[in-house]
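To start, the structure itself, in structure tokens.
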Amino acid sequence: KLDGILALTDQIPTRSTADYATLTEEEIWDECLEWLTSMWPHRLNVILGDQMGAGGVIPTLVFLDRLKQSGQHGPYLIVSSLDKDNGIGDWLRQIRLFPSMKELFYFGNQQGRATMRKQFARKAVGPDFPIILTTYNMVMVEKQLLAQYDWKYVVVDEGYQLKKREHEVLEAVKCQPMDHKLLLIREPFQNNLAELWSLLNFALPNAFSSREEFDSWY
């Protein structure tokens with residue numbers, strides 16, 4: 001399984017970190033979009049690094065918009081931190097730049113969430129079905145509700161808080177039925193094999209199922 005993934009990704013041109021430092025923000029967005037698009041037909045999940053601060057939000061939304069425009073209406077789920085600048089607030093600001101995409105921020109107290117559930121529970125998945133945005137805490141609290149949907153694409157935005165509770169959040173997301181998933185990394189990778197394996201196991205569980213085998217490679 002891993003050999004097949006490596007053979008496929010080796011066919012895609014890559015750049016060094018130094019090369020990326022010379023690109024404009026728009027050029028980096030284009031590269032991110034190309035990567036997401038190239039992985040889609042092969043049903044490969046993606047880890048997208050945003051360590052240079054160019055932002056993985058815009059190319060991700062462009063990609064989801066293209067899917068919707070092609071008739072693949074989801075449903076789509078985005079999970080992020082409750083951060084008005086770099087978390088869910090960033091997603092809400094940027095998604096409103098796409099008039100064709102409706103969104104629902106699923107968050108709040110029990111009564112408020114019950115009202116929102118009535119909004120999208122009655123809708124069949126189609127052009128008017130909203131992209132669901134929610135927080136780390138909500139995906140754990142409402143994992144049974146969310147598991148009622150067969151998610152076409154799930155985005156987990158690491159943000160700046162996920163490292164504190166990474167395992168429990170990723171485990172809650174793993175419970176969701178989904179076809180594709182994307183993990184956005186906003187912070188530089190640390191020299192931590194346990195952290196790296198956790199991310200790879202989330203994105204490609206069939207290839208990185210054994211922590212012991214992964215450790216033996218190093």
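Under UniProt numbering, the sequence shown has 3 at position 3, and the numbering climbs by one with no breaks. By construction, the Cβ of each residue, glycine as well, lies at the ideal position given by its N, Cα and C atoms. Note that the coordinates shown come from a computational prediction; the quantities given were computed from them, not determined experimentally.
Check                                                                                                                             : Outcome
Cβ-based burial, residue 109 [other Cβ within 10 Å; buried from 16]                                                               : exposed
Alpha carbon of residue 243 to alpha carbon of residue 111, nearest angstrom                                                      : Given that the chain is displayed from residue 1 to residue 218, the structure contains no residue 243 and the question cannot be resolved.
Sufficient close CB pairs (3 or more, under 8 Å) joining the segment 113 to 123 to the segment 78 to 89                           : no
Per-residue DSSP class, three states only, for residue 57                                                                         : helix
Buried/exposed call for residue 135, threshold 16 Cβ in 10 Å                                                                      : buried
In DSSP terms, what residue 149 is bridged to                                                                                     : Paired residues: none, contrary to the question.
Residues that DSSP places opposite residue 133 in a beta bridge                                                                   : 78, 105
Chain-order list of residues whose beta-carbon lies under 7 Å from that of residue 138 (same chain, five-residue window excluded) : 106, 107
Supposed close pair residue 47, residue 185 - CB separation, criterion 8 Å                                                        : 6 Å
Reference residue 90, options 194, 100, 157, 213, closest by Cα                                                                   : 157
When 57, 38, 40 are compared against residue 26, the one with the closest alpha-carbon                                            : 57
Validate contact between the segment 58 to 76 and the segment 89 to 103 using beta carbons, cut 8 Å, 3 pairs                      : yes
Neighbourhood of residue 197 by C-beta distance below 6 Å, restricted to the same chain and skipping five residues each side      : 211, 214
Where residue 24 falls, given that 16 or more other Cβ within 10 Å makes a residue buried                                         : exposed
Burial state of residue 32 (16 or more Cβ within 10 Å)                                                                            : buried
Residue closest to residue 28, alpha-carbon to alpha-carbon, out of 144, 59, 154                                                  : 59
Close Cβ partners of residue 35 (< 6 Å) along its chain, the five nearest in sequence each way excluded                           : none
Identity of the residue in 49, 192, 150 nearest residue 173 by Cα                                                                 : 150
Start-to-end residues for the alpha helix (DSSP H) that takes in residue 183                                                      : Where residue 183 is concerned, there is no enclosing alpha helix (DSSP H), although the beta strand (DSSP E) it sits in stretches over 178 to 185.
Bridge-paired residues (DSSP) for residue 62                                                                                      : The partner list for residue 62 (beta bridge, DSSP) is empty, contrary to what the question assumes.
Alpha-carbon spacing of residue 152 relative to residue 217, whole angstroms                                                      : 33 Å
Residues that DSSP places opposite residue 47 in a beta bridge                                                                    : 183
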